[in-house]
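Q: Heads up: the sequence shown begins at 20 in the working numbering, then just goes up one per residue.
C-beta: ideal position from N, C-alpha, C; glycine also.
Predicted model, so just to flag it, every value in this text is computed and none were measured.
A single structure is presented below for examination.
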Amino acid sequence: MAGKKSLEAARRRAAELRETIRHHDHLYYILDRPEISDAQYDKLYRELRALEEEYPELITPDSPTQRVAGEPRPGFSEVEHLAPMLSLDSGDDEEDVRRFEARLRAALGDGAVEYVVEPKLDGLSIELVYEEGSLVRAATRGDGRVGEDVTANARTIGSVPLKLRGAEREPPRLLALRGEAIMLIDEFERLNARLTQEDKPVFANPRNAAAGSMRQLDPSVTVQRPLVLYAYEVMAAEGLAPATQAEALDALRDWGFRVSAETRTGLQIADAIELHHELERRRDDLDYEIDGVVIKLNDLAARERLGATAHHPRWAFAYKFEPRREISEILDIVVQVGRTGKLTPVAMLRPVDVGGVTVSRASLHNREEVERKDVRVGDKVRIQRAGDVIPQVLERVDGPGKRRGPKFRMPRRCPVCGTPVITHGPLDFCTNGLACLAQLKGRIQHFASRDALDIRGLGERTVVQLLEAKLAASVADLLSLREDDLVELEGFAELSARNLVEAIDEAKEVTLDRFLYALGIPEVGTQTARDLARHFGSLDAVLAATREQLEAVPGIGPKVAEAVSEFLASPGTREIIGELMKRGLTLVEGEAFAAADFAGLTFVFSGGLESMSRSDAQELVRSLGGRTSSSVSAKTDYVVAGKDPGSKFEKAKELGVTILSEADFLKMLPRGSR
Ligand code: IVH
């Protein structure tokens, strides 16, 4: 940095930087459309931090640099809520909703009644308090009157503004609001994958993961667990009185909060009921888990008149979806073949209704899992439906002493095509590749999935329907689906058919990395697809690459190179790609080509660094496409040893992982990112 600035100049620059950083935080965390690269962002951030280090008197609690995790604490202190945090009256029957409306109309007298419907987010309810525009407190619900002070953790959540924005309206001097801290489903899956890798227990669902992370005594753990906050109620706003919930939500958006995009305003009760059904159908396509909708009276003055019982307000009703965990009995265990040829044992169940869907089969994952859970034909088991995965068997619930069927045995040949099965650790595979018919369904689902073409509204059920109706003999057929075909399918109406066709049309423009991922190349996940796209730059170049050239891509080893080259060389693959292009698939440029110099590499930081904080260093690695982990394993590529590195250093030596000094690490960074 240039010579020492005068205090005044530094103050001005710091204010400017904070505003710019907040603007980019808002674009990134709230609107989900960043306008600068991570490296550019880091540069701003580092300049601000350097200024604040030079002039500590300039640090403000709402500065973006103050999101860093503080020290672990012995326990949470208690806080009394400004207004009691009530829960919601709820039910999962349409009749319950009608009764709610009848009560409400009886109390309000004649006149128009309008509702706002919001998804009922399945996370942890949080109260946030802002004074003079700055976050001063975050609390959990607790017993409704007194909750736990989780301010330090809330500060680490990107979508919790430390300072309110005033884009359209001045932020109030005092603001109290409620929202839900949740974990996005893909983050949840990533977290569980990481925990598995670290040999730690996993979370049963995103809600537990969110609650566990929010109630962490060590904020540096919360930081590593990406939570998102959605705001939904203004509890108090001094000097500002929104007249309706719709206005209040607009104000929350303006002040810099996320508000669920599924929220609808101006509804009658029949619309609200319909929206409940629509969201129940679409719940697996959302990025987060919801367990119903919340129907709220829009008119806030009318809410005041209605008031609350001791437990819940009279102006809102949680219209829940049906529960998604049930107990059933295993009638048989069959083996299913997935898109990669993986053999999955599946429990055939006595059919039960789980969350409005009749479930008659549930995944048992793999041979080892069946052994671990010790489930057999005849056992009673607890099953769960979550996200868009097929239902899973959670555990056996039978008591001891029951006569049971024989132990499960994995077949030695693919049950679909008869090819001999090979075993990789706990997994078993059919080696017949694309010639195995069972793989089509999996391939189509994968093709449409979120990280691939992201065709909204094309869930598993629809894929099965398409296959049964012979509307999709290959992934290419998806691109020529017509509304006329779809309306013939059960559960489709004109609108939903049009929506799906539109979603498919939108998905036809795709970035190279997503396209490569969508093809379902064995061994190629999103990261490798990104590495390939970035390295080769065009589909033609990827298709022309030899095995040696593939192996030269950072992050790609001989095994992956072989899988990729074999897959891409096969005439079947070439034909599908040709068909897709013929039917309008276009490759477009996208963020995919951002810097990813550390792609495929995993770093672990041990001990303190001189030049930056550990969390900044981790952030830097991730911004360069690398991964970070908190523990050393055989999969770790580098351990960066700072001051007093401790046990991770020892473990790295033991495992023969490359150990870098801080200076070595700094040398690895590309120009401009240091
Ligand atoms: S409003 C005074 N809106 O559902 C009413 N709650 O018991 C305040 N929830 O504890 C709640 N999504 O954690 C409201 N859009 C939403 C919600 C929501 C999820 C949770 C909240 C609450 C529970 C109901």
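Measure the Cβ-Cβ separation of TYR194 and ALA255 and say whether it is below 8 Å.
A: For the purposes of this step, residue 194 is taken as residue 175 along the sequence shown, with counting starting at 1. For the purposes of this step, residue 255 is taken as residue 236 along the sequence shown, with counting starting at 1. Note on residue identity: the sequence assigns Leu, not Tyr, to residue 194. Cβ atoms of LEU194 and ALA255: closer than 8 Å.
Q: When you measure from the CB of SER144 to every non-hydrogen atom of the ligand IVH, does any distance come out below 7 Å?
A: Looking up residue 144 in the sequence shown gives position 125. Checking every heavy atom of the ligand IVH against the Cβ of SER144, one is found closer than 7 Å.
Q: Could you please give me the residues that DSSP links to SER347 through a beta bridge?
A: Numbered from its first residue, the sequence shown carries residue 347 at position 328. SER347 is bridged to VAL400.
Q: Have a look at the DSSP bridge pairing and note the partners of ALA366.
A: What you label residue 366 is simply residue 347 of the sequence shown in a count that begins at 1. ALA366 pairs with ILE352 and ALA381.
Q: SER515 lies in the alpha helix (DSSP H); which residues open and close that run?
A: Residue 515 sits at position 496 when you count from the first residue of the sequence shown. Per DSSP, SER515 belongs to the alpha helix (DSSP H) from 513 to 526.
Q: So what does DSSP say about GLY110, is it helix, strand or coil?
A: Here residue 110 is taken as the residue at index 91 of the sequence shown, counted from 1. Note: GLY110 maps to strand in three-state DSSP.
Q: Taking 6 Å as the limit between beta carbons, can you name the residues of its chain near PRO410, skipping five residues before and five after?
A: Counting from one through the sequence shown, the residue named residue 410 turns up at place 391. The residues are VAL378, ALA381, ILE402 and ARG404.
Q: Less than 7 Å between the CB of PRO664 and some heavy atom of the ligand IVH, yes or no?
A: As a position in the sequence shown, residue 664 is number 645, starting the count at 1. Checking the Cβ of PRO664 against the ligand IVH gives no.
Q: Specify whether the segment 259 to 278 and the segment 478 to 495 touch according to this definition: at least 3 beta carbon pairs, one from each stretch, less than 8 Å apart.
A: Output reads no: the segment 478 to 495 does not touch the segment 259 to 278.
Q: Using DSSP with H/G/I as helix, E/B as strand and the rest coil, what is GLN546?
A: Taking the sequence shown and counting its residues from 1, the one referred to as residue 546 is at position 527. Residue state, collapsed to three classes: helix.
Q: Give me, in chain order, the residues of the same chain whose beta-carbon lies closer than 8 Å to that of GLY661; leave out the 5 immediate sequence neighbours on both sides.
A: What you label residue 661 is simply residue 642 of the sequence shown in a count that begins at 1. So the qualifying residues of the chain are PHE624, SER625, GLY626, GLY627, LEU628, GLU629, ARG633 and GLU681.
Q: Curious, which full-length beta strand (DSSP E) runs of at least 3 residues does the segment 612 to 647 contain?
A: Here the runs fully enclosed are 621 to 625.
Q: Counting only the same chain and skipping the five closest in sequence on each side, list residues whose C-beta sits under 7 Å from that of GLY603.
A: Numbered from 1 along the sequence shown, position 584 holds the residue referred to as residue 603. Result list for GLY603: LEU498 and LYS527, in chain order.
Q: Please report the distance separating the alpha-carbon of LEU236 from that of ALA173.
A: As a working note, residue 236 is residue 217 in the sequence shown. As a working note, residue 173 is residue 154 in the sequence shown. Going from the Cα of LEU236 to the Cα of ALA173 covers about 12 Å.
Q: Return the residue from the list PRO103, ASP61, VAL148 and TYR64 that minimises the CA-CA distance to HIS331.
A: Along the sequence shown, one-based indexing puts residue 331 at 312. Closest by alpha carbon: PRO103.
Q: Report the rounded CA-to-CA distance for VAL640 versus LEU685, giving the unit in angstroms.
A: As a working note, residue 640 is residue 621 in the sequence shown. As a working note, residue 685 is residue 666 in the sequence shown. Going by the C-alpha atoms only, they are around 11 Å apart.
Q: Under a three-way DSSP split, which group does ILE292 fall into?
A: Locating residue 292 in the sequence shown gives position 273, where the first residue counts as 1. In the structure shown, ILE292 sits in a helix (DSSP, three-state: H, G or I).
Q: Please report the distance separating the alpha-carbon of VAL148 from that of LEU154.
A: Here residue 148 corresponds to residue number 129 of the sequence shown, with the count starting at 1. Here residue 154 corresponds to residue number 135 of the sequence shown, with the count starting at 1. Taking the straight line joining both Cα atoms gives about 6 Å.
Q: Hey, would you say ARG476 sits closer than 8 Å to ASP304, going by beta carbons?
A: Taking the first residue of the sequence shown as position 1, residue 476 is located at position 457. Taking the first residue of the sequence shown as position 1, residue 304 is located at position 285. At residue 476 the sequence reads Gly, which differs from the Arg that was named. Against a cut-off of 8 Å, the Cβ pair of ASP304 and GLY476 comes out as a contact.
Q: Please find out if some non-hydrogen atom of the ligand IVH comes closer than 7 Å to the beta-carbon of GLY625.
A: Position 606 of the sequence shown holds residue 625. Going by the sequence as given, residue 625 is Ser instead of Gly. No; taking the cut-off as 7 Å, the Cβ of SER625 has no heavy atom of the ligand IVH nearer than that.
Q: How many whole angstroms separate the CB atoms of ARG188 and HIS45, which I take to be in contact at a CB cut-off of 8 Å?
A: Mapped onto the sequence shown, residue 188 falls at position 169. Mapped onto the sequence shown, residue 45 falls at position 26. Actually they are not in contact, since the Cβ atoms of ARG188 and HIS45 sit about 16 Å apart, beyond 8 Å.
Q: When you compare only the Cα positions, how much space is there between ARG432 and THR592?
A: The count along the sequence shown starts at 1 and reaches residue 432 at position 413. The count along the sequence shown starts at 1 and reaches residue 592 at position 573. Answer to the nearest angstrom: the Cα atoms are 25 Å apart.
Q: Got a sec, what are the start and stop residues for the alpha helix (DSSP H) PRO577 sits in?
A: By one-based count along the sequence shown, residue 577 stands at place 558. It spans 577 to 588 - the alpha helix (DSSP H) in which PRO577 sits, taken as one unbroken run.
Q: Select from TYR134, ARG386, ASP524 and GLU97 the residue whose C-alpha is nearest the C-alpha of GLU293.
A: Reading the sequence shown from its first residue, position 274 is the one you call residue 293. Out of TYR134, ARG386, ASP524 and GLU97, TYR134 has the C-alpha closest to the C-alpha of GLU293.
Q: Less than 8 Å separating the beta-carbons of LYS24 and ARG32?
A: Looking up residue 24 in the sequence shown gives position 5. Looking up residue 32 in the sequence shown gives position 13. For LYS24 and ARG32, yes; Cβs fall inside 8 Å.
Q: Taking the Cβ atom as the reference point for each residue, do GLU97 and VAL165 lie within a distance shorter than 8 Å?
A: One-based indexing of the sequence shown puts residue 97 at position 78. One-based indexing of the sequence shown puts residue 165 at position 146. Closer than 8 Å, so yes.
Q: With a Cβ-Cβ cutoff of 8 Å, do ARG146 and ARG197 count as a contact?
A: Residue mapping note: residue 146 aligns to position 127 of the sequence shown, counting from 1. Residue mapping note: residue 197 aligns to position 178 of the sequence shown, counting from 1. Checking the sequence, you will find Glu at residue 146 rather than Arg. In this structure, ARG197 lies closer than 8 Å to GLU146 by Cβ.
Q: Quick one: is SER144 buried, meaning 16 or more other Cβ sit within 10 Å of its Cβ, or exposed?
A: Here residue 144 corresponds to residue number 125 of the sequence shown, with the count starting at 1. The residue is buried, with at least 16 neighbouring Cβ atoms inside 10 Å.
Q: Alpha carbon to alpha carbon, how far is THR241 from MET233? Give it in angstroms, no decimals.
A: For the purposes of this step, residue 233 is identified with residue 214 of the sequence shown, where counting begins at 1. For the purposes of this step, residue 241 is identified with residue 222 of the sequence shown, where counting begins at 1. Taking the straight line joining both Cα atoms gives about 6 Å.
Q: Is it true that the segment 348 to 364 meets the segment 412 to 431, where meeting means three or more beta-carbon pairs spaced less than 8 Å apart?
A: Yes, the segment 348 to 364 is in contact with the segment 412 to 431.
Q: Who pairs with ILE441 in a beta bridge, going by DSSP?
A: Counting from one through the sequence shown, the residue named residue 441 turns up at place 422. Answer by DSSP bridge pairing, in chain order: PHE448.
Q: Pick out whichever of ALA157, GLY163, LEU203 and ALA200 has its Cα sitting closest to the Cα of LEU181.
A: Within the sequence shown, residue 181 is the residue found at index 162, counting from 1. Among ALA157, GLY163, LEU203 and ALA200, the Cα nearest to that of LEU181 belongs to ALA157.
Q: Check whether the segment 516 to 531 and the segment 442 to 453 are in contact - that is, three or more C-beta pairs closer than 8 Å.
A: The segment 516 to 531, when compared against the segment 442 to 453, does not touch it at the 8 Å Cβ threshold.
Q: For PRO342 versus GLY258, is the C-beta distance shorter than 8 Å?
A: Within the sequence shown, numbered from 1, the residue matching residue 342 stands at position 323. Within the sequence shown, numbered from 1, the residue matching residue 258 stands at position 239. No; because the gap between Cβ atoms is not below 8 Å, this pair is not in contact.
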